[in-house]
Amino acid sequence: EIESDRLIRLINDILDLSDIENMAVESQTEDVIIDDVIVEVISLVKNDAAEKDVTISYHNTGAVVSYRANRDRFKQLLLNLVSNGVRYNRENGEVDICADEVNRKLRIRVKDTGIGIPEDKMPRLFERFYRVDKSRSTRSGGTGLGLSIVKHIVNIYNGEIYVSSEPDKGSEFTIFLPIAEEKTKA
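Each number in my numbering comes from the position in the sequence shown (counting from 1) with 233 added on.
Given below as C-alpha cells:
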C-alpha cells in the first residue's frame, strides 16, 4: 500500500510537470486571495508539522491582497515549498511564510530551520528527480519533482526564484512574481 501510494504521487507529479512544461502562458486565471491560499496550505501540512513539532507562521504586510493566477497552480507552488520546509526540518523547528510587495512584484518567502542544502548541491536543486539526500528523501515520501514543478510554475508567471541555504541552519526560498498593471478604462 505504501509503495502504491508513492507511485500514485509520482505519476501525478509527472503529469503535473508535463502539463506545466508544455504551457507557454497560463490561460485559466482568477484573482487569487493570497491569505486564503496560504491558510489552506498551512491547514494541509499541519498534521505533518505537528508530528515533528514544527511551528508554521505566516506574515502578510497587506500590500498585496490578491494575485492574478491559476489558483490550483499557485496553491501547488506554495504547498511544495511549505511541505518541504516541514519535511526537511528538525524536531521543534520553524517554517516562516511571508508575502509582501517589492518593486511591483509579489514576493513570497518560505524560510525554515531545517537541515539546509550544501552549496555544491544548489545548482541542481530544481532538476527533475534530483534529491539532495537520496536516503532521506526516499524515507520522507518525496518524488524528487516538487522543486522542478515550483520552478516551472514561477516561469509561467515570468517570475524568479532564489534560494539561500546553509547546512544545519535551514533554507529560504524567495519568489518574485510580477504584478500586472491594472488597465485603465477609456
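Even glycine gets a Cβ: it sits at the ideal position worked out from N, Cα and C.
Only a predicted model underlies this, so the values are computations on that prediction, with no experimental measurement involved.
| query | Just how far apart, CA to CA, sit VAL278 and LEU358? | reply | 22 Å
| query | In three-state terms, what does DSSP make of ASN388? | reply | helix
| said: Along the chain, where does the alpha helix (DSSP H) containing ASN303 start, and where does it finish? | reply: From DSSP, ASN303 is part of no alpha helix (DSSP H); its letter is neither H nor E.
| Under the three-state DSSP convention, the category GLU324 falls into | For GLU324, the secondary structure class from DSSP, reduced to helix, strand or coil, is coil.
| query | DSSP puts THR407 in a beta bridge; with which residues? | reply | Answer is ARG342, TYR395, bridged to THR407.
| message | Counting C-beta neighbours from all protein chains within 10 Å, is the total for ARG306 16 or more, i.e. buried, or is it exposed? | response | buried
| message | Three or more C-beta pairs under 8 Å: does that hold for the region 298 to 305 against the region 314 to 323? | response | no
| What separation, rounded to the nearest whole angstrom, lies between the Cα atoms of GLY379 and LEU312? | 9 Å
| said: What residue range does the beta strand (DSSP E) around VAL287 cover? | reply: That residue, VAL287, is in no beta strand (DSSP E); it is neither H nor E in DSSP.
| request: Can you grab the Cα-Cα spacing for the pair ARG342 / THR294, in whole Å? | output: ARG342 and THR294: Cα-Cα distance of roughly 12 Å.
| field | Sequence-distant residues of the same chain with beta carbon closer than 7 Å to VAL274, five excluded per side | value | LYS308, LEU311, LEU312, VAL315
| task | Would you mind sorting ILE266 into buried or exposed? The rule is 16 or more other CB atoms within 10 Å of its CB. | result | exposed
| said: Once DSSP output is grouped into helix, strand and coil, what is the label at ALA296? | reply: coil
| Length of the line joining the Cα atoms of PHE406 and TYR390 | Cα to Cα, the separation comes out at about 17 Å.
| query | What did DSSP end up calling ALA413 once you bin it into helix, strand or coil? | reply | If DSSP states are grouped into helix, strand and coil, ALA413 belongs with coil.
| Cβ shell of GLU393 (< 8 Å), same chain only, five flanking positions each side left out | VAL387, ILE408, PHE409
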